[in-house]
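FYI, the numbering for the sequence shown is 916 to 1221, going by this note's numbering.
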Amino acid sequence: MLTVTVTGAAGTVGRACVKAAVQAGHEVRALVRNEEEFRRVATEPRVEVWEGDILDRAEAGEALTGTDAVVHCVDFAPREFGHNWDAIRHALEGLRPGGWFVYPGNLWVFGPPQAERVGPDHPKASPSRLGAVRADLEKAVTAQGGTVIHMPALYGPGVKRGWLYDAFRRALAGKPAYFPGDLDRPIEFLYVADAARALIAPLGRRQARGSDYTAPGYRVTTPREMIGLIYRAAAQEPRVRSIPVPLLRFFDLFDADRRLTRDLSYLMENAILLDGTAIRRELGWQSEVDYADGARRTVRWLRHTS
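Next comes the structure, spelled out in structure tokens:
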């Protein structure tokens, strides 16, 4: 059993990691900016809550005192992306020597795929500026013995952004969904609870130090198939329409955050499918929640919270 601090614990991934760490038998500490707000949404009672700002070195150091492991779920929007450097530095400084540090990664660091499956050894050659910065952040983490877990787009209870979240809401409203690019291209998604288990999996495992892993979705699907499952879970006839990627790039010009991610649009045009061989072999992790079940669970959550 380890003492695990989850930074950014009030966010969707952070809350899921708190729950997964408790279920794994660890003592869990949640670092949040507002304890009262966290208590309103957190479901795990056996959690020590620290109120503080990860960007404040002193507050972060105090919150991480005595911590064996950090699962760092803090992430800043594109306009504030530079804050990630300070957040990671403060978290690494506060962690005791020899502790475990786990950082969620996404697909931004990968350029157009050079293989059918993208694994940990795939070049981190993103043509985008944010992707390159993200790759540098990850290098800094692994250089300090930390672990990076790359994951595809997440969905599930608590996830309130992304094209799938919008599809869930529109399905429940009986409206057509929209999704960028080819609706029949290969793609994968990861249920948020499975993502949290992947982020907890490296804790206590020496072979995970200084490594990065790729955690794929349940299986390869297509946007059309996945959105069809969402509509069926909502007891609606599937309706989905494609948005041309060039049109999206044009509209991105009029939004400050989206303008900074325009050069990531290649992710909507290429099939970046992750290879789970290493994380399955070394950490014993694999996705458990299939897409149909994940869609049903998410629909139940949305109906309960609406």
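By construction, the Cβ of each residue, glycine as well, lies at the ideal position given by its N, Cα and C atoms.
In this text the structure is predicted, and so the values were computed from the model without any measurement.
Residue i versus the options, residue with shortest Cα-Cα distance
{"i": "P1138", "options": "Y1206, D1172 and R955", "result": "Y1206"}
{"i": "L1118", "options": "M1183, H998, E966 and H941", "result": "H941"}
{"i": "L1198", "options": "L1144, R1120, R1147 and F1166", "result": "R1120"}
{"i": "T1136", "options": "P1042, P1101 and E950", "result": "P1101"}
{"i": "G923", "options": "R961, P960, L979 and L917", "result": "L979"}
{"i": "D1001", "options": "F953, P1153, V1107 and D971", "result": "D971"}
{"i": "A1092", "options": "L1098, A1082 and D1099", "result": "A1082"}
{"i": "Y1080", "options": "D1099, G1061, F1104 and L1098", "result": "F1104"}
{"i": "G1014", "options": "V1160, G1061 and Q938", "result": "G1061"}
{"i": "K934", "options": "E995, A1047, A1108 and R955", "result": "A1108"}
{"i": "G1143", "options": "V1024, A1193 and D1099", "result": "D1099"}
{"i": "Q1029", "options": "N1021, K1039 and D1097", "result": "K1039"}
{"i": "T1192", "options": "T1129, V1204, L1052 and F991", "result": "T1129"}
{"i": "R1211", "options": "S1202, P1012, Y1106 and G929", "result": "Y1106"}
{"i": "R955", "options": "E1152, A925 and R1011", "result": "A925"}
{"i": "R1173", "options": "I1158, E977, A1006 and A992", "result": "A992"}
{"i": "K1090", "options": "D1097, S1202 and E1152", "result": "E1152"}
{"i": "M1141", "options": "L1168, H1005, T1213 and F1169", "result": "T1213"}
Proximity of residue i and residue j at Cβ, strictly below 7 Å
{"i": "W1200", "j": "A1113", "result": "yes"}
{"i": "T927", "j": "V1074", "result": "yes"}
{"i": "V985", "j": "F1016", "result": "yes"}
{"i": "L1189", "j": "P1131", "result": "yes"}
{"i": "A1149", "j": "A1068", "result": "no"}
{"i": "A931", "j": "A1111", "result": "yes"}
{"i": "S1043", "j": "D1178", "result": "yes"}
{"i": "L946", "j": "T920", "result": "yes"}
{"i": "T1057", "j": "G1125", "result": "yes"}
{"i": "P1027", "j": "Y1181", "result": "yes"}
{"i": "G1077", "j": "G1209", "result": "no"}
{"i": "E963", "j": "R948", "result": "no"}
{"i": "M1183", "j": "V1155", "result": "no"}
{"i": "Y1018", "j": "H987", "result": "yes"}
{"i": "I1194", "j": "F1025", "result": "no"}
{"i": "E995", "j": "G1020", "result": "no"}
{"i": "P1095", "j": "I1158", "result": "yes"}
For residue j and residue i, the rounded distance between their alpha carbons
{"i": "D1277", "j": "R1134", "result": "Summary: the structure shown does not reach residue 1277, with the chain confined to residues 916 through 1221, and so no result is reported for it."}
{"i": "G1034", "j": "A975", "result": "33 Å"}
{"i": "R1218", "j": "Q1059", "result": "43 Å"}
{"i": "A1055", "j": "A957", "result": "31 Å"}
{"i": "H1065", "j": "R1084", "result": "27 Å"}
{"i": "L1175", "j": "L1163", "result": "13 Å"}
{"i": "E952", "j": "P960", "result": "14 Å"}
{"i": "E1031", "j": "H1037", "result": "11 Å"}
{"i": "G981", "j": "E966", "result": "16 Å"}
{"i": "V937", "j": "I1115", "result": "10 Å"}
{"i": "A939", "j": "M916", "result": "8 Å"}
{"i": "E950", "j": "D968", "result": "12 Å"}
{"i": "F1165", "j": "S1041", "result": "21 Å"}
{"i": "Q1047", "j": "W1023", "result": "Sequence check: residue 1047 is Ala here, not Gln. Going from the Cα of A1047 to the Cα of W1023 covers about 8 Å."}
{"i": "R1049", "j": "G1009", "result": "21 Å"}
{"i": "E977", "j": "G929", "result": "19 Å"}
{"i": "D1097", "j": "L1007", "result": "41 Å"}
{"i": "N1185", "j": "A973", "result": "43 Å"}
{"i": "L1168", "j": "Q1122", "result": "44 Å"}
Backbone secondary structure at residue i - three-state DSSP
{"i": "F1169", "result": "coil"}
{"i": "R955", "result": "helix"}
{"i": "I1064", "result": "strand"}
{"i": "A1193", "result": "helix"}
{"i": "G1009", "result": "helix"}
{"i": "P1227", "result": "This structure leaves residue 1227 out entirely; the chain is present only between 916 and 1221."}
{"i": "R1202", "result": "The sequence given here has Ser at residue 1202, not Arg. In the structure shown, S1202 sits in coil (DSSP, three-state: anything other than H, G, I, E or B)."}
{"i": "T1176", "result": "coil"}
{"i": "V1024", "result": "coil"}
{"i": "R1156", "result": "strand"}
{"i": "R944", "result": "strand"}
Task: Ranges of the alpha helix (DSSP H) found wholly within the region 1069-1147, counting only runs of at least 4 - done: 1078-1087 and 1107-1115
- [ ] Tell me the start and end of each unbroken beta strand (DSSP E) in the region 946-1004 that is at least 3 residues and wholly inside, in chain order.
- [x] 962-966 and 984-987
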